[in-house]
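What follows is one structure encoded as structure tokens, with my remarks underneath.
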Amino acid sequence: MDAIILQILNGLDKGSAYALIALGLTLIFGTLGVVNFAHGALFMLGSFCAVTLQRLLSLSFTVVDPTKKDFLGNPLKVDTPYVVDWFGDAAGNAIINWSVPLAILFAIPVMLFIGYAMERGLIKHFYKRPHADQILVTFGLAIVIQEIVKYFYGANPIPTPAPAAFKGSLDFGVMIGFAENTIIYPYWRLIYFVFSAVIVSAVFAFLRFTTFGMVVRAGMADRETVGLLGINIDKRFTIMFGMAAAVAGLAGVMYAPINSPNYHMGMDFLVLSFVVVVVGGMGSLPGAVLAGFLLGILESFASMNEVKSLIPGIDQIIIYLVAIIILLTRPRGLMGRKGVMEE
Amino acid sequence: MLGLSKKDTTFLLIVMFLTLATPILLQPFPEGSGLAQFNAGYPDLMQRFAIYGIFAIGFNILFGLTGYLSFGHAAFLGVGSYSVVWMYKLLSYNVLPGLILAVIMSALFALLIGYVSLRRSGIYFSILTLAMAQMSFNLAYSVLTPLTNGETGLQVYGDDPQVLMGEGGPTSPHFFGIVMNEATKVDFAGWQFTFSNGYYFCAIIAIIVFYISLRIFRSPFGLMLRAIKTNQTRMSYTGLNTRPYTLAAFVISGMYAGLAGGLLAAMDPLAGAERMQWTASGEVVLMTILGGAGTLMGPVLGAGFIKYFENIFSKINDNVLHGWFAVLPDGLEDTIVFLMHPFIGKGWHLTLGLLFMLVVIFLPGGLIEGGQRLRNWIKRDKEPKGPSKDTEHHPKPKPHVA
Amino acid sequence: MTKLTISRRGLIKTGAFVGAGLAMPTIFTSRANAFTNAPMGSTVTLGFNVPQTGPYADEGADELLAQKLAVEHLNGEGDGGCLNTFTSKALKGNGILGKKVEFVTGDTQTKSDAARASARSMIEKDGAIMINGGSSSGVAVAVQGLCQEAGVIFMAGLTHSNDTTGKDRKANGFRHFFNAYMSAAALAPILAKELGTDRNAYHLTADYTWGWTQQESMQAATEAMGWKTVNNVLTPLATTDFSSYIAPVINAGADVLVLNHYGGNMVNSLTNAVQFGLLDKMVNGKDFKIIVPLYSELMAAGAGDNIKGVLGSMNYNWQLQNEGSKAFVKSFGEKYGRPPSNSAQTCYAQVLLYADACERAGTFNPCGVAEALEGFEFDGLGNGKTMYRKEDHQCFKDVLVVRGAQNPTTAYDTLEIVEVTPVDHVTYPPNHPMFGGDDASLGTCNAGA
Numbered sequence: 199m200d201a202i203i204l205q206i207l208n209g210l211d212k213g214s215a216y217a218l219i220a221l222g223l224t225l226i227f228g229t230l231g232v233v234n235f236a237h238g239a240l241f242m243l244g245s246f247c248a249v250t251l252q253r254l255l256s257l258s259f260t261v262v263d264p265t266k267k268d269f270l271g272n273p274l275k276v277d278t279p280y281v282v283d284w285f286g287d288a289a290g291n292a293i294i295n296w297s298v299p300l301a302i303l304f305a306i307p308v309m310l311f312i313g314y315a316m317e318r319g320l321i322k323h324f325y326k327r328p329h330a331d332q333i334l335v336t337f338g339l340a341i342v343i344q345e346i347v348k349y350f351y352g353a354n355p356i357p358t359p360a361p362a363a364f365k366g367s368l369d370f371g372v373m374i375g376f377a378e379n380t381i382i383y384p385y386w387r388l389i390y391f392v393f394s395a396v397i398v399s400a401v402f403a404f405l406r407f408t409t410f411g412m413v414v415r416a417g418m419a420d421r422e423t424v425g426l427l428g429i430n431i432d433k434r435f436t437i438m439f440g441m442a443a444a445v446a447g448l449a450g451v452m453y454a455p456i457n458s459p460n461y462h463m464g465m466d467f468l469v470l471s472f473v474v475v476v477v478g479g480m481g482s483l484p485g486a487v488l489a490g491f492l493l494g495i496l497e498s499f500a501s502m503n504e505v506k507s508l509i510p511g512i513d514q515i516i517i518y519l520v521a522i523i524i525l526l527t528r529p530r531g532l533m534g535r536k537g538v539m540e541e
Numbered sequence: 165m166l167g168l169s170k171k172d173t174t175f176l177l178i179v180m181f182l183t184l185a186t187p188i189l190l191q192p193f194p195e196g197s198g199l200a201q202f203n204a205g206y207p208d209l210m211q212r213f214a215i216y217g218i219f220a221i222g223f224n225i226l227f228g229l230t231g232y233l234s235f236g237h238a239a240f241l242g243v244g245s246y247s248v249v250w251m252y253k254l255l256s257y258n259v260l261p262g263l264i265l266a267v268i269m270s271a272l273f274a275l276l277i278g279y280v281s282l283r284r285s286g287i288y289f290s291i292l293t294l295a296m297a298q299m300s301f302n303l304a305y306s307v308l309t310p311l312t313n314g315e316t317g318l319q320v321y322g323d324d325p326q327v328l329m330g331e332g333g334p335t336s337p338h339f340f341g342i343v344m345n346e347a348t349k350v351d352f353a354g355w356q357f358t359f360s361n362g363y364y365f366c367a368i369i370a371i372i373v374f375y376i377s378l379r380i381f382r383s384p385f386g387l388m389l390r391a392i393k394t395n396q397t398r399m400s401y402t403g404l405n406t407r408p409y410t411l412a413a414f415v416i417s418g419m420y421a422g423l424a425g426g427l428l429a430a431m432d433p434l435a436g437a438e439r440m441q442w443t444a445s446g447e448v449v450l451m452t453i454l455g456g457a458g459t460l461m462g463p464v465l466g467a468g469f470i471k472y473f474e475n476i477f478s479k480i481n482d483n484v485l486h487g488w489f490a491v492l493p494d495g496l497e498d499t500i501v502f503l504m505h506p507f508i509g510k511g512w513h514l515t516l517g518l519l520f521m522l523v524v525i526f527l528p529g530g531l532i533e534g535g536q537r538l539r540n541w542i543k544r545d546k547e548p549k550g551p552s553k554d555t556e557h558h559p560k561p562k563p564h565v566a
Numbered sequence: 056m057t058k059l060t061i062s063r064r065g066l067i068k069t070g071a072f073v074g075a076g077l078a079m080p081t082i083f084t085s086r087a088n089a090f091t092n093a094p095m096g097s098t099v100t101l102g103f104n105v106p107q108t109g110p111y112a113d114e115g116a117d118e119l120l121a122q123k124l125a126v127e128h129l130n131g132e133g134d135g136g137c138l139n140t141f142t143s144k145a146l147k148g149n150g151i152l153g154k155k156v157e158f159v160t161g162d163t164q165t166k167s168d169a170a171r172a173s174a175r176s177m178i179e180k181d182g183a184i185m186i187n188g189g190s191s192s193g194v195a196v197a198v199q200g201l202c203q204e205a206g207v208i209f210m211a212g213l214t215h216s217n218d219t220t221g222k223d224r225k226a227n228g229f230r231h232f233f234n235a236y237m238s239a240a241a242l243a244p245i246l247a248k249e250l251g252t253d254r255n256a257y258h259l260t261a262d263y264t265w266g267w268t269q270q271e272s273m274q275a276a277t278e279a280m281g282w283k284t285v286n287n288v289l290t291p292l293a294t295t296d297f298s299s300y301i302a303p304v305i306n307a308g309a310d311v312l313v314l315n316h317y318g319g320n321m322v323n324s325l326t327n328a329v330q331f332g333l334l335d336k337m338v339n340g341k342d343f344k345i346i347v348p349l350y351s352e353l354m355a356a357g358a359g360d361n362i363k364g365v366l367g368s369m370n371y372n373w374q375l376q377n378e379g380s381k382a383f384v385k386s387f388g389e390k391y392g393r394p395p396s397n398s399a400q401t402c403y404a405q406v407l408l409y410a411d412a413c414e415r416a417g418t419f420n421p422c423g424v425a426e427a428l429e430g431f432e433f434d435g436l437g438n439g440k441t442m443y444r445k446e447d448h449q450c451f452k453d454v455l456v457v458r459g460a461q462n463p464t465t466a467y468d469t470l471e472i473v474e475v476t477p478v479d480h481v482t483y484p485p486n487h488p489m490f491g492g493d494d495a496s497l498g499t500c501n502a503g504a
């Protein structure tokens, strides 16, 4: 029982990452009809926003400390971050320590801008082009973004720890009456789950309850009619693209402490997030979120020892197996509409 | 000739000529000159051109004609390679039994995957094929290691049975005594040309399968496939069941992929699991679209383009650059090398990514369209009254997936 | 298509070429060479095959820097590095056998296919006489097989699987790096000393060949000293989030977690394990511990603070204070501004070892070179006294046990040396069952051509 609860927690946590990326992908596909293979790269850029802010905050000046030696026997150069110098030891280090949560504020404008620039500069020329061309050009873009990041940050993962206050884990088991240490869960992962729940609700609320959202939804249903009503739907779609980029970026920022970011993490998520989107049904926002959580939970269950001893290697293929079964039983995924991406 | 129209016969002859003369055409710079770095006329790369050309030609039969975008063709490549290496292990280094088995196994595999995946269309089809191929890859890498030798790759060991291996038979892949990795080098006034047995073996097979694909393109069957791409719904309304046609196309292209995979193992007796990874499937998609989907020569050009980059650009390092620009003054030399540094050697991915984007943005029909535009442009220069407007009003390509 | 028109003459020409190609298959090369790529001019070309793209690109870059440094030293440029400390004095700093050393580079992409393609291109196109480097066992075994067929010497870079010099050993292939068996054998006595002999270990193992051999070796070595193995869970290579594998560990009653992971897998699994607070737990009345059998500097950098107190083993560390090590660190550090990694040291040492073997053999012929390397004992390249065993071409030398430092002063001393396990502890017979048993054989040396 405790093992099952533990894996459900794990699944929710994994699922929230899948759901956030899939949500962004579906926003772009649903509004603009563009298949964006660079979406994983946007997620990666989000993570590197956290890395960049951490680096900016740790910008240092160098003092030579003659009492210590470096590896060649020369006097050691000691780096002191400017913020530590300005605000004193305690406050300065605290600011650096909190760089990941602070990066949320940093990432929103950056990602909105990147999304906006991407749509205006490249994607808008591809609305009328075949999906295969969209895939190819965004895939090319993803490689370019990746390689630029690699050029500046290297290929090695960069540790981006969460604030010290969130280190350690919550003994969830004790709270619901199990023995000590049976169900423990890291604080940061719990925060990640809550955070993505908030973002998902915010996106849905925005689309449902604001006029802007209403217009966008109308545009998704019938772009031309909305255009005929004198509404500049293109401008709103551009903003939606920016929003989707921001959602992917925020998912990336918060993910940075869970796994050290590296330049190809986007590609690792790309295939998976497409599977999630398609299982959810192309163009369906609730479908994307639902499929994200479903696959996350199933993946966690498949990695349990009990399941693995029954079917060896099941955790290697579970996502794909589920995708195949769902697509064969429900032709358009869980909640897909007829006629979308079917020709 | 051979059941082809006069135009197609000429076309086939040109292709034959280009293929057979490749060892000379790809070696345009003399040995020892700074530009020799760009020569591609060495056996390994030429073999790859031919093999990935076959892979892309086969993929094009499915994608170019029916519009079904498969993201799982690498699985067949892997099946083909494993079949050939297993035949080496069990029988002997003769490539023939392996290649036959490769085609049969990949056909069976394609039949299975195609039968399931073709129940859906559009992106749902793509994801189904992707899922099947990724499953194959993950299993081949881990659980199926006894069959595939996992991470290391399947290869021949000294204690393998090799029952047909006679005393003194070749100990590397051969075709009835013609050993694949042997070659004849001809030195000619500073140029060095390598005529490799392996390349010509691949090249002859490539020409044969190119001819078959040409026939398929021109056949009623090909026409039917194109009709499916144009409007599948209407085809169904006429009372025609399209599934057998698409399945046939899927199996044929799977067989091409299996043959290509088998040839990879015939040139180099090792079959690695990465051959089945989604990136390998993505690569053939890129090759086809980059060259020009639905055209006969396009995919081959795309395959050559990508493989050339992978093998030539990745080997240019700073030393080589300094060698080229050594004549320039030091400051200028360093600046140029510094500017080019991100794009060469370990940065070859960046250059490839940028070129993808440029080709897709400016040449929607792929490299083939580039060639056509160039030809039209030259024609217009010669005869100003010619059909110059064509360059601006080229017919919009049909959506491939849409 | 094209405006080319085909002429009858052209066709005949082509036919003649094809005919020539098919008729003279046994000639192979126009030059009468005794072995593949025999250097003819005043230079000799070495091939450096390292990952330049993909997740191990930084490690590859480091290997490449070390190899460039070695070439400089061979050609008599720079401060000579380990040429001054090397016990063999055959190298004069005038290249190899009087020929200036040049090199070409290739990108393995950490894929066996791509690695073989780049190695073939260096051999076929650039005339490389040996291939050096690499960053994964799959690649090493694949490229080793290729070099055996092509008739050139292969010196593996970072490859840690038992198979490279075990069941996949080849007469043309040599390995300086240590292996999974040695890691386990070196760690076991230290673990017994530090953690006691009554421990319950839980293994997480990367689900492919290297992971399996590493796990097998660790389990055998730790059980021999009295530990129990609670469980061994295989994790898919593509896993990025290990939470669902780590969460059940505490509950299983284990008090040690062994992470048989490498590269990105190791960085993520260790980070996740620390996130779950495993290191703060007390189980069975003991402090919970994590062990990473194979460490590398880049992985330590990627995992950041999470490595503090985590034990593992290494082939070499720049903090070693022998003469060879000091000379190499000084040379590398002054040129590139940071200390070398352990894979860089391996690649550097191998270039010198190859060159030295050529000098001593008096030939570039791979069979002669291999003979010169077999059973060769030397010192002064950084690892202390080392021997290339004749039977399997594996280097035998001391192995370092290291631990993540609690208070590093710079980015480079995040790992501290706990102990140097002497070579006797890690030596095994060439026909050890984990190394292919009696069936494993080098085969015969191939000089190509």
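Residue numbers (the numbering used here), protein chains in the order written: chain P, 199 to 541; chain B, 165 to 566; chain G, 56 to 504. Just so it is clear, CB atoms sit at the ideal spot from N, CA and C, and this is done for glycine as well. Predicted model, so just to flag it, every value in this text is computed and none were measured.
Using a Cβ distance threshold of 7 Å, G:V99 and G:I178 do not count as a contacting pair. Under the rule that a run must span 3 or more residues, the beta strand (DSSP E) segments found entirely inside the segment 449-487 of chain G read 454-459, 470-476. Residue-level contact by beta carbon fails for B:P334 and chain G, as no gap is shorter than 7 Å. For G:Y111, no chain B residue has a Cβ inside 9 Å of its Cβ, as the nearest lies near 11 Å away. What B:I508 touches in chain P, judged by beta-carbon distance under 8 Å, is nothing: the nearest beta carbon there is about 12 Å away.
The beta-carbon separation of P:L230 and P:F439, rounded to 6 Å, stays under the 8 Å limit for a contact. Going by beta carbons, G:L246 and G:N372 fall outside the 7 Å limit. Put simply, the backbone Cα of G:A116 is about 27 Å away from that of G:G206. Boundaries of the beta strand (DSSP E) around P:Y383: 382-384.
P:G244 is positioned such that its CB atom lies closer than 7 Å to that of P:V451.
Burial is judged here by how many other beta carbons sit within 10 angstroms of a residue's own beta carbon; B:D323 has fewer than 16 and is exposed.
At a cut-off of 7 Å between beta carbons, B:Q298 contacts chain P. Within 10 angstroms of the beta-carbon of P:V487 lie 16 or more other beta-carbons, which makes it buried. For the segment 413-437 of chain B, residues whose beta-carbon sits nearer than 7 Å to a beta-carbon of chain G comprise D432, L434, G436. Annotation for B:L465: G455, L531 place their beta carbon closer than 6 Å to its own, counting only its chain and skipping 5 residues before and after. Here DSSP, grouped into helix, strand and coil, assigns P:G286 to helix.
In the DSSP assignment, P:S367 falls outside any alpha helix (DSSP H) and lies within the beta strand (DSSP E) extending over 367-369. B:Y216 carries a helical assignment under DSSP once its states are collapsed to helix, strand and coil. Assignment of P:K267 by DSSP, reduced to helix, strand and coil, places it in the strand class. DSSP places G:A256 in the uninterrupted beta strand (DSSP E) bounded by 255-261. Per the Cβ contact rule, the segment 416-434 of chain B is in contact with the segment 225-242 of chain B (3 or more Cβ pairs under 8 Å). Contact check for P:L274 against P:D287 fails: the beta carbons are separated by 7 Å or more.
Pairing G:T140 with G:A382 gives a Cβ-Cβ distance under 7 Å. Residues of the segment 436-456 of chain B with a C-beta atom less than 7 Å from some C-beta of chain P are W442, L450, I453, listed in chain order.
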